[in-house]
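The listed protein sequences correspond, in order, to chains R and C.
Going by the numbering used here, the letters in the first sequence line up with residues 6 to 171, in that order.
Going by the numbering used here, the letters in the second sequence line up with residues 6 to 171, in that order.
Cβ coordinates follow ideal geometry from the N, Cα and C atoms, glycine included.
Report on one structure; see the data block that follows.
2 protein chains.
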Amino acid sequence: MELLEGKEKFIQAWGALGSNWGVNRTMAQIHALLLLSPESLSAENIMEELKISRGNANMNIRALIDWRLVYKELKPGERKEYFVAEKDLWEVVKQIIIQRKKKELEPMIKVLDEISSVEGDDIATEEFVKMVREIKLFSSKADSTLDTLVKADSNWFVGTFLKMIR
Amino acid sequence: MELLEGKEKFIQAWGALGSNWGVNRTMAQIHALLLLSPESLSAENIMEELKISRGNANMNIRALIDWRLVYKELKPGERKEYFVAEKDLWEVVKQIIIQRKKKELEPMIKVLDEISSVEGDDIATEEFVKMVREIKLFSSKADSTLDTLVKADSNWFVGTFLKMIR
DNA sequence: CTGTACTTTCAGAAATAAATGAAAGCAAAT
DNA sequence: ATTTGCTTTCATTTATTTCTGAAAGTACAG
């Protein structure tokens, strides 16, 4: 296989994967391109390689920076901005967990808290409250487990955990 | 808060959560409704409660069954089909992991295998292959870790794991 | 201050995903 | 063999998300 073909395939695949992970296709493709690129790339470079518009490139680069999956790099003497991907995949996964936990899990827990104060003395209400409490308990556990996971370092994760769990 | 209002809020929140997890909004709402419902519901019931069309209800119930998050229940003497949600949340999470791993992670690993055979003796190719191998290694580790996780039982997970990890 | 080299914004266009509802399928009941 | 009660399909419509490109913004250089 040719290098160019391989690169192309990787970008496609990473894009498809990302689009199921709260990261849109283009965002993931930019990340893929940067992952494969040993040197940093400019917005211009990215637009050309992925054949996307300036606006699209800009918006998604910024989003990647917000997610801390990409960093800005300023070359001395140059006005243009360059970008580098976070290449430590464990760091990438961690960031995604952190972001999505904040955006999804935490609001859910808040709602569960609110609705567990439903009042009424009938069976239906009791059952509802019981279920909600159960879900709340599970979510809280998931939340703290993820916190711990995120604090754990990469080597620990891939090494020790795997052994322990077997 | 009123029972009805609480129910409504939960369905909304679960729908929003689901829509970020490869489960579309309506699918997640149906699941939420069934989670809250101590008895099984018919397609008709679901259509009414969520105010959705027959086709929509049917398609999403089907999908939930495919994901093993909902089961069919046939009441003796009745022609109509009834549905119940999987209520063990750890089971729900497990199913989602299993399905998404199959649909996303495994194809990614396949692509990584393919493209790690890129040929060429220049620096660029070498760097490409190195990066791809690294990603492949990480993905395979994630894959087997998830396998192990899925095999572990709920109590072990929420209990022992949490203690161990601290 | 003015030009230059960039980055950011955003209204509208295009692409994609999801929902509708009527028609077709299916199988138990008569 | 036909009706009846329900499920499934799918072409069309509707909603949502993403992308474009031109215009506006920013800031350094001369």
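Check your understanding: Just by C-beta distance, which residues in the region 24-48 of chain C are closer than 7 Å to chain R?
Key -> Asn-25, Gly-27, Leu-40, Leu-41, Pro-43
Point to revise | Chain-ordered chain R contacts of C/Ile-1 [CB-CB under 8 Å] | key: Any property of residue 1 of chain C remains undetermined from this structure, which presents chain C solely from 6 to 171.
Practice item. Drop a sphere of 10 angstroms on the beta-carbon of C/Ile-128, count the other beta-carbons inside from all chains shown, and report buried for 16 or more, exposed for fewer. Key: exposed
Exercise for review: May I have the straight-line CA-CA distance separating R/Val-75 from C/Asp-93, to the nearest angstrom?
Suggested key: 38 Å
Point to revise | Whether R/Ile-120 touches R/Ser-144 by CB criterion (7 Å) | key: no
Point to revise | For C/Glu-49, the three-state DSSP class (helix, strand or coil) | key: helix
Review point. Could you give the distance in angstroms between the alpha-carbon of C/Lys-168 and the alpha-carbon of R/Ala-48?
Key: Interpretation of C/Lys-168 is limited by its pLDDT of 48, a score under 50 that renders its predicted location unreliable; the figure taken from the coordinates is listed afterwards. Straight-line Cα distance between these residues: approximately 46 Å.
Check your understanding: Under three-state DSSP, which class holds R/Val-137?
Key -> Note: R/Val-137 maps to helix in three-state DSSP.
Point to revise | Alpha-carbon spacing of R/Leu-142 relative to R/Met-136, whole angstroms | key: 10 Å
Point to revise | Touch test, the region 45-62 of chain R against the region 79-93 of chain R, Cβ-Cβ under 8 Å, three pairs minimum | key: yes
Check your understanding: When DSSP labels each residue in this structure, what does R/Gln-17 get in the three-state scheme?
Key -> helix
Check your understanding: Can the beta-carbon of R/Asn-25 be found less than 7 Å from the beta-carbon of C/Glu-109?
Key -> yes
Exercise for review: With R/Ala-62 as the anchor, note down where its alpha helix (DSSP H) starts and where it stops.
Suggested key: 59-71
Check your understanding: Alpha carbon to alpha carbon, how far is R/Gln-104 from R/Trp-72?
Key -> 7 Å
Exercise for review: Could you check what DSSP says for R/Val-75 in three-state terms: helix, strand or coil?
Suggested key: strand
Review point. How many angstroms separate the CA atom of C/Leu-117 from the CA atom of C/Ile-51?
Key: 43 Å
Review point. Roughly how many angstroms lie between the CA atoms of C/Met-6 and R/Glu-96, to the nearest whole one?
Key: 42 Å
Point to revise | Neighbourhood of C/Arg-171 by C-beta, 6 Å cutoff - its chain only, sequence neighbours within 5 removed | key: Note that C/Arg-171 has pLDDT 39, beneath the 50 cutoff, so the model's placement of it is unreliable and the number below is only indicative. Result list for C/Arg-171: empty, nothing under 6 Å.
Check your understanding: Straight-line CA distance for C/Gly-27 to R/Gly-82?
Key -> 45 Å
Exercise for review: Determine which residues share a DSSP beta bridge with R/Glu-119 and list them.
Suggested key: According to DSSP, which records beta bridges pairwise, R/Glu-119 is partnered with nothing at all.
Point to revise | Range of the contiguous alpha helix (DSSP H) that encloses C/Glu-96 | key: 94-105
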